[in-house]
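Residues 1268 to 1803 in my numbering are what the sequence shown spells out, letter by letter.
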Amino acid sequence: MKILKRAAAVAVILMGVTACSDSDEYVQEAVTGPSPFHGIHGITVTKDGKILAGSVVGRAIYEVDPESGTASIYEASPAGMADDLEEGPDGTLAWTAFLDGKVYARRPGGELLTLAEGLPGLNSLAWTEDGRLFATQVFLGDALYELDPSGEKPPRKIMAGMGGLNGFDFGPDGKLYGPLWFKKQIVRVDVDSGTLDVVAEGFATPAAVNFNSKGELYAVDTEAGHVYRIDLATGEKALIAEVAPAIDNLAFDNDDNLLITNMADNAVIAIDTENGEARTIISGPLAVAGDIALGDNGDIYVADLFALRSVNPSTGSVSEIARVWSSNIDYPLSISITSGHMAVAALTAGAVQIFDAASGVSFQPHHGFTTPADAIVLADGSVVVSEYARGALVRIANNNWDNRTDVATGLDGPAMLKLAADGALYVSENTGGRISRVDIETGERSVVADNLSAPEGFDIGPDGRFVVAEVGAKRIVAIDTESDEREVIKEDLPIGFEAPENVPPLFIPTGVVAAANGDIYYSSDIDVRIYRLRKN
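Written as structure tokens, this is what we have:
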């Protein structure tokens, strides 16, 4: 009977489906509250009073209702990706698609135009009162362009190498004012002559500026969490308000009320410029919700892109360990906890970083990896990194990050890593559709589970079965690797947020952990939440 059961299971698996339907043994529960965005960046207020906010990872523009504290999609994916956005004098809304290297514009009649493309890192933009449009590349480039609002002419480069001209605005004098992210200054640019002079300096990391209707210049410092008013004549800055770091942008509404965004908190915050009071209009407990790991204390640790956080699974309360720009961390998307260490990897930043698991103290991030999907610390202190695009596992000698050796190559999208209790190393091959075991010393590998649909996060449950997120099929399955019998734990899950064209398909990893009591936790890259599949 057992032989017949196994044969039937294998036959079904080979047809690309699992041997049984959604298990009724598990009940899905939300551990964390909802988040309104997938990270938030640019913000603007239209002439008719709409508050619009942009998300790069979420690939959407949202409309924020300040009364109800809710958000709805205004411009959907994929064209909606927006790092910055602003309405022109004729009602045309333009925005920068940072990862796609494009500037889009939606005309008042509904026509969608592409005003620029092939310029990765397009970040900030602003209109003049007479309808000229300007945009910059930052982080993936460093240049200022004038764009043709009709989309007929190619962008005209004005200047380059400024130092990261970020969120900017035109002043009453017709000059362009903006922060130099890397030089910690605010500058004035004559877009016709291509000249630049410094207005104010002494910032930690200035992110954006904006003028109110009185011609007063306000600036936000992302690293310090400060909001300033700048005296244009003297360059002196007056501290108006202080909030949590990771401020991204600011805008004034039609009544001169100041709004700022905070990318780590998925927040839009109203700032009273008279008394400095900060009132949160909308926010979320998590920013993006990438990979997760289970700590020895029972907490769930989340690589949240703009922060590293922990979640108490009993209460759903969220604590913060570090956040980008104010902490020594670089956009974490995956996490593992082994050998007393947390290892985080930043897929798009090419960085790997190690934390002490008990204290949360971090060591310096290390860069130069090729799309690092995951990292894990071995018992001897060495680190293994899965390089997704290169198809390789790389081993870094203990405390010697320049000593990097390929453990295995030829893998198909190596993604998440798992170190078993017996010291065996397993990796999910995302594009290859399999889970493989890799001998750390010899590089020899063997397939333990195949015919999977875009596997990402996985864990080994208390019963010895592999619990795998088949993101391509939007389900979690449990696999007996000896018999190959498979059980669908839950399907139709909110996982598998679509990646942009120029980003690895893994994009936001779905993490999975199996608790000792049989409960399964996973991260939702669609809902930006942590869920528990509770075993009845």
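Quick reminder that beta carbons are idealized off the backbone N, C-alpha and C, glycines included.
What you are looking at is a predicted structure, and each value in this text was computed from that prediction instead of being measured.
For residue i, does the three-state DSSP call read helix, strand or coil?
| i | result |
| --- | --- |
| residue 1535 | strand |
| residue 1738 | helix |
| residue 1477 | strand |
| residue 1626 | coil |
| residue 1389 | strand |
| residue 1287 | Its pLDDT being 44, under 50, residue 1287 is placed unreliably by the model, and the measurement read from it follows with that caveat. Correct three-state label for residue 1287: coil. |
| residue 1602 | strand |
| residue 1407 | coil |
| residue 1363 | strand |
| residue 1268 | Low confidence applies to residue 1268: its pLDDT is 32, below 50, so where it sits in the model is not reliable, and the reading given next is rough at best. Residue 1268: coil per DSSP, three-state reduction. |
| residue 1521 | coil |
| residue 1526 | strand |
| residue 1590 | strand |
| residue 1308 | coil |
| residue 1793 | coil |
| residue 1681 | strand |
| residue 1212 | Shown here, the chain extends from 1268 to 1803; a query on residue 1212 therefore has no answer. |
| residue 1774 | coil |
| residue 1596 | coil |
| residue 1274 | The predicted position of residue 1274 is uncertain, since its pLDDT is 34 and thus under 50; no value can be drawn from it. |
| residue 1224 | Summary: the structure shown does not reach residue 1224, with the chain confined to residues 1268 through 1803, and so no result is reported for it. |
| residue 1631 | coil |
| residue 1779 | strand |
Return yes when the Cβ of residue j is within less than 9 Å of the Cβ of residue i, no when it is not.
| i | j | result |
| --- | --- | --- |
| residue 1597 | residue 1578 | no |
| residue 1728 | residue 1787 | yes |
| residue 1707 | residue 1662 | yes |
| residue 1658 | residue 1681 | yes |
| residue 1485 | residue 1519 | yes |
| residue 1801 | residue 1452 | no |
| residue 1525 | residue 1539 | yes |
| residue 1420 | residue 1410 | no |
| residue 1629 | residue 1594 | yes |
| residue 1721 | residue 1740 | yes |
| residue 1735 | residue 1779 | yes |
| residue 1783 | residue 1748 | no |
| residue 1534 | residue 1528 | yes |
| residue 1806 | residue 1446 | Outside the displayed span of the chain (1268 to 1803) sits residue 1806, for which this structure offers no information. |
| residue 1474 | residue 1433 | yes |
| residue 1293 | residue 1757 | yes |
| residue 1331 | residue 1549 | yes |
Let me check one thing: in DSSP terms, what residues is residue i bridge-paired to?
| i | result |
| --- | --- |
| residue 1705 | 1692 and 1712 |
| residue 1672 | 1662 |
| residue 1609 | 1604 and 1622 |
| residue 1426 | 1411 |
| residue 1434 | 1475 |
| residue 1667 | 1664 |
| residue 1722 | 1737 |
| residue 1757 | 1743 |
| residue 1452 | 1447 and 1468 |
| residue 1639 | 1654 |
| residue 1321 | 1328 |
| residue 1486 | 1476 and 1495 |
Which residues in the same chain have their Cβ closer than 7 Å to the Cβ of residue i, if we skip the five residues on either side of it in sequence?
| i | result |
| --- | --- |
| residue 1284 | Its pLDDT being 39, under 50, residue 1284 is placed unreliably in this model, and the value from its coordinates should be taken loosely. Nothing listed; no residue qualifies. |
| residue 1450 | 1430 |
| residue 1321 | 1308, 1309, 1328, 1349, 1350, 1351, 1352 and 1362 |
| residue 1726 | 1685, 1734, 1779, 1780 and 1781 |
| residue 1677 | 1658 |
| residue 1556 | 1569, 1571, 1790, 1791, 1792, 1795, 1796 and 1797 |
| residue 1506 | 1493 and 1495 |
Whose C-beta lies closer than 6 Å to the C-beta of residue i among residues of the same chain, with five residues either side of it excluded?
| i | result |
| --- | --- |
| residue 1772 | 1766 |
| residue 1372 | 1359, 1361, 1380 and 1382 |
| residue 1599 | 1570, 1575, 1611 and 1613 |
| residue 1646 | 1606 |
| residue 1497 | 1467, 1484, 1486 and 1504 |
| residue 1422 | 1383, 1412 and 1414 |
| residue 1698 | 1679 and 1680 |
| residue 1643 | 1603, 1605, 1610, 1651, 1684 and 1686 |
| residue 1764 | 1775, 1792 and 1793 |
| residue 1873 | This structure gives no information on residue 1873, because the portion of the chain shown stretches from 1268 to 1803. |
| residue 1560 | 1568, 1602, 1603 and 1604 |
| residue 1502 | 1466 and 1467 |
| residue 1406 | 1388 |
Excluding the 5 residues flanking residue i on each side, which residues of the same chain have their C-beta closer than 8 Å to its C-beta?
| i | result |
| --- | --- |
| residue 1521 | 1312, 1314 and 1316 |
| residue 1705 | 1660, 1674, 1675, 1692, 1693, 1694, 1711 and 1712 |
| residue 1482 | 1438 and 1439 |
Distance cutoff 9 Å, beta carbons only. Does residue i sit that close to anything in chain B?
| i | result |
| --- | --- |
| residue 1579 | Of the chains in the structure shown, none is chain B; there is only one protein chain. |
Problem set entry | Stretch-stretch touch, CB-based, cutoff 8 Å, three pairs: the region 1569 to 1584 with the region 1337 to 1352 | no
Exercise. Contact between the region 1290 to 1309 and the region 1504 to 1514: three or more CB pairs below 8 Å?
Worked result: no
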